[in-house]
Amino acid sequence: MAMNVIETQNLSKYFGRQAALQGVDLTVKQGEVFGFIGPNGAGKTTTIRILLGMLRKSGGEAKLLGGDPWQDAVALHRRLVYVPGDVNLWPTLTGGEVIDFLGRLHGKMNLARRKELLDRFQLDSKKKCRSYSKGNRQKVALVSAFVSDAELFILDEPTSGLDPLMEQVFQECIFELKKQGKTVFLSSHILAEVEALCDRVGIIRQGKIVESGTLEELRHLTRTTVTVELAQPADLKQLPGIYAITQKEGKWRFSVDVSAMDAVMKALAPMGIKSLTAEPPTLEELFIRHYGDKREGRELN
């Protein structure tokens, strides 16, 4: 049975009277890619900083790789890597020097792997860091992370500043880590990225976990979109459990509650279904369902 690499119970953090985290429960198992999503100010970065031992919790429990992030930070950091969303590098060092320095801090470095990653991320490692764009600074951090032999990868908005091609390279690297049995904790606002990579997802809002589970388990929270072409004229507005009905070029399009899907399909069948497509809800729809247009507070650090 896979061990829990990250585990929090009733985790809380207050900055004065302001609650940044209010009873956060998280479990991340060994070998899985866990997506941690929520808007700015929801508590993602605060949670990560507690897990890294950079912030002291106000209450509850937090365990990382079986240890206490605050008490055992030095020992735990030998077993993990962390990539923030906004990387600051030493301006007078080259990208290659930074990668080598971080590699020596962490332990042995595979030079062949280093060269491979530089090629894949198309990073000129001989340039000084002060000349790098945000995307290239991010590449330095990602190469430094992926060249290591860490057990746990904590990534906080890691593809910030990367172009779509480099985002694809990043995703390939995550799949490789998963094949090696590594654990990835990925905080991201790029919902397609989370959807493509993650085994399970935790959605945080205003310092609380509002939903967690596999994508399939979370899909029940929203509706499936159906596009159907019927052989006979019909008035679908009479069907229960369907919403946002439109008709264009002979095709009906609507959303349907999961609980009503069976009844809707049975009602459509006698009308002569010529074509039908059903699109499962995306993570973005789940996200909007929880947050809507409500604005969150500022990210608390």
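Numbering (my numbering), first residue to last: 388 to 688. Think of the CB as a built atom: it goes at the ideal place given N, C-alpha and C, for glycine as much as any other residue. The structure presented is a predicted model; accordingly, all values stated were derived computationally and were not measured.
For residue i, is the classification buried or exposed, using 16 other Cβ atoms within 10 angstroms of its Cβ as the cut-off for buried?
{"i": "Thr664", "result": "exposed"}
{"i": "Arg436", "result": "buried"}
{"i": "Pro657", "result": "exposed"}
{"i": "Ile541", "result": "buried"}
{"i": "Leu687", "result": "Note that Leu687 scores 43 on pLDDT, short of 50, meaning its location in the model is unreliable; the coordinates nonetheless yield the value given after this. By the 10 Å Cβ count, Leu687 comes out buried."}
{"i": "Leu492", "result": "exposed"}
{"i": "Asp543", "result": "buried"}
{"i": "Gly594", "result": "buried"}
{"i": "Leu552", "result": "exposed"}
{"i": "Ser646", "result": "exposed"}
{"i": "Trp639", "result": "buried"}
{"i": "Glu580", "result": "buried"}
{"i": "Ser518", "result": "exposed"}
{"i": "Arg465", "result": "exposed"}
{"i": "Lys400", "result": "buried"}
{"i": "Ala532", "result": "buried"}
{"i": "Thr601", "result": "exposed"}
{"i": "Thr633", "result": "exposed"}
{"i": "Phe402", "result": "exposed"}
{"i": "Arg707", "result": "Residue 707 falls outside the range modelled here, since the chain spans only 388 to 688, and no answer is possible."}
Just checking my contact of residue i with residue j at CB under 8 Å: how many whole Å lie between their CB atoms?
{"i": "Ala430", "j": "Ile591", "result": "According to the sequence provided, residue 430 is Gly. The question's Ala does not apply to it. Right, their Cβ atoms sit about 5 Å apart."}
{"i": "Asn391", "j": "Val420", "result": "That pair is no contact at about 15 Å."}
{"i": "Leu510", "j": "Lys521", "result": "Incorrect: roughly 13 Å between the Cβ atoms, too far for contact."}
{"i": "Leu467", "j": "Leu539", "result": "4 Å"}
{"i": "Glu463", "j": "Pro456", "result": "In the sequence on display, residue 463 carries Leu and not Glu. Between Pro456 and Leu463 the Cβ distance is about 6 Å, and since that is below 8 Å, they are a contact."}
{"i": "Leu451", "j": "Ile393", "result": "6 Å"}
{"i": "Asn427", "j": "Asp412", "result": "About 22 Å; that fails the 8 Å criterion."}
{"i": "Thr612", "j": "Glu666", "result": "4 Å"}
{"i": "Val556", "j": "Asn497", "result": "Not really, about 18 Å apart at Cβ, beyond 8 Å."}
Is DSSP giving residue i helix, strand or coil here?
{"i": "Arg640", "result": "strand"}
{"i": "Leu452", "result": "coil"}
{"i": "Ala407", "result": "strand"}
{"i": "Gln525", "result": "helix"}
{"i": "Leu552", "result": "helix"}
{"i": "Glu686", "result": "Residue confidence is low: Glu686 scores 43 on pLDDT, short of 50, so the model does not pin down where it sits. Its coordinate-derived value is still stated next. Three-state DSSP puts Glu686 in coil, outside helix and strand."}
{"i": "Phe562", "result": "helix"}
{"i": "Arg507", "result": "helix"}
{"i": "Thr433", "result": "helix"}
{"i": "Lys444", "result": "coil"}
{"i": "Lys653", "result": "helix"}
{"i": "Gly490", "result": "helix"}
{"i": "Lys502", "result": "helix"}
{"i": "Val485", "result": "helix"}
{"i": "Val415", "result": "strand"}
{"i": "Asn497", "result": "coil"}
{"i": "Gln567", "result": "coil"}
{"i": "Lys624", "result": "helix"}
{"i": "Ser535", "result": "coil"}
{"i": "Val530", "result": "helix"}
Span of the alpha helix (DSSP H) holding residue i?
{"i": "Tyr469", "result": "Here Tyr469 belongs to no alpha helix (DSSP H); instead the beta strand (DSSP E) covers 467-470."}
{"i": "Val519", "result": "The amino acid occupying residue 519 in the given sequence is Tyr; Val does not appear at that position. Note, Tyr519: premise wrong, no alpha helix (DSSP H); not H, not E."}
{"i": "Gly330", "result": "The requested residue 330 is not part of the displayed model; the chain covers only 388 to 688."}
{"i": "Val461", "result": "460-464"}
{"i": "Leu573", "result": "Counting along the chain, Leu573 falls outside any alpha helix (DSSP H), though it belongs to the beta strand (DSSP E) covering 570-574."}
{"i": "His607", "result": "No alpha helix (DSSP H) holds His607; DSSP gives it neither H nor E."}
{"i": "Leu439", "result": "It is not in any alpha helix (DSSP H) - Leu439 carries neither H nor E in the DSSP assignment."}
{"i": "Leu673", "result": "670-678"}
I'd like the span of the beta strand (DSSP E) that includes residue i, first residue to last.
{"i": "Val613", "result": "611-617"}
{"i": "Thr633", "result": "629-635"}
{"i": "Ala579", "result": "No beta strand (DSSP E) holds Ala579; the alpha helix (DSSP H) holding it covers 578-584."}
{"i": "Glu394", "result": "391-402"}
{"i": "Asp543", "result": "539-543"}
{"i": "Val588", "result": "587-592"}
{"i": "Ala647", "result": "Ala647 -> no beta strand (DSSP E), and no H or E assigned at all."}
{"i": "Leu663", "result": "660-666"}
{"i": "Lys595", "result": "595-601"}
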